[in-house]
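For the record, in the sequence shown the residue sitting at position 162 is 158 according to the numbering used here, with numbers rising by one throughout. Ideal Cβ placement from N, Cα and C applies to all residues, glycine included. It should be emphasised that the depicted structure is a prediction, and the values quoted were computed from it without experimental measurement. Before any comments, here is the structure.
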Amino acid sequence: MLCRVAQIRRCAASLSQAVQQAHRQKHTLPDLTYDYGALEPHINAEIMQLHHSKHHATYVNNLNVTEEKYQEALAKGDVTVQVALQPALKFNGGGHINHTIFWTNLSPNAGGEPQGELMEAIKRDFGSFQSMKERMSAAAVTVQGSGWSWLGYDKQGGRLCIAACANQDPLQGTTGLIPLLGIDVWEHAYYLQYKNVRPDYVKAIWNVINWENVSERLQTAKK
Ligand SMILES: [Fe+2]
């Protein structure tokens, strides 16, 4: 009898450990390091507030729900459900990954030009900073529907690349490039201020790019 009680206690303890583990692994909405209005006049406070507290928060919540369902399917060995959950995982996981990078790519009193190793790499791979900006802007403007334009690092080739991704496809998970700088061109990122004129939003965003953050990402990517 005592043996049975000990067994039940052990089982309860490991279950509680598993529940705690699951709680620890829940994704959360990261705080911004600046106020919603700090990027004005380039991106207004209303856009930033909705974008962060509603749109990004929804990706986080839906990612947690999807992961929970996925865990259940894994536990049951239900491959059909696992496969059926893949699009939701890609969309919400990508949305969380992309926006988490995006907020740190932006900063008030930023813009200007990158310095040091990043600037050297840009000149080497695109000819000039202006040329890189033009190529990345063109990629952003020409995304059909919703998506992202990225400056990424090709680790194997040791060079910078411009890429465009549809929807919330995460850059590294779908192309292998390591994301350094992303421009969100979903309408939720600009419509309240720029209406349908995406090129004006893309032109303005260069005024709030945190090049220090992009440089740090390049350093980390090269390790
Ligand atoms: Fe967004």
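- Counting along the chain, the unbroken alpha helix (DSSP H) around alanine 134 starts and ends at 125 to 137.
- Taking all protein chains shown into account, leucine 173 has 16 or more neighbouring C-beta atoms within 10 Å of its C-beta and is therefore buried.
- DSSP places isoleucine 174 within a strand segment (E or B) once states are collapsed to three.
- Contact between alanine 71 and glutamine 78 is absent: CB atoms are separated by about 11 Å, not below the 8 Å threshold.
- Counted as a single uninterrupted DSSP element, the stretch harbouring isoleucine 205 is not any alpha helix (DSSP H), since DSSP gives it neither H nor E.
- In the structure shown, leucine 25 falls within a coil segment according to DSSP collapsed to helix, strand and coil.
- Measuring C-alpha to C-alpha distances from serine 103 to each of Gln215, Val210 and Gly91 identifies Val210 as the nearest.
- Counting C-beta atoms within 10 angstroms of its own C-beta, proline 110 has 16 or more neighbours from the protein chains shown and is therefore classed as buried.
- In the DSSP secondary-structure assignment, alanine 159 is bridged to Trp146.
- Distance from the CA of asparagine 94 to the CA of leucine 147, rounded to the nearest whole angstrom, comes to 13 Å.
- Relative to ligand 1, the beta carbon of tryptophan 99 is positioned no closer than 6 Å to any heavy atom.
- Shown here for lysine 129: same chain residues with a beta carbon closer than 7 Å to its own, the five before and five after excluded, namely Trp202 in chain order.
- Contact check for aspartate 165 and lysine 50: beta-carbon distance about 21 Å, past the 8 Å limit, so the pair fails to qualify.
- Not a single heavy atom of ligand 1 lies less than 6 Å from the C-beta of tryptophan 146.
- Here the alpha carbons of alanine 84 and alanine 136 stand approximately 24 Å from one another.
- For asparagine 105, there is no enclosing alpha helix (DSSP H), as DSSP marks it with neither H nor E.
- Assigned with DSSP and collapsed to three states, isoleucine 118 falls in helix.
- Leucine 176 is positioned such that its CB atom lies no closer than 7 Å to that of tyrosine 197.
- When distances are taken from the beta-carbon of alanine 41 to the heavy atoms of ligand 1, even the shortest one reaches 6 Å or more.
- In this structure the segment 176 to 196 touches the segment 30 to 46; the number of beta carbon pairs closer than 8 Å is three or more.
- Isoleucine 179 is bridged by DSSP to Ser145.
- Aspartate 180 has its Cβ nearer than 6 Å to a heavy atom of ligand 1.
- If you draw a straight line from the Cα of glutamine 152 to the Cα of threonine 62, it comes to about 32 Å.
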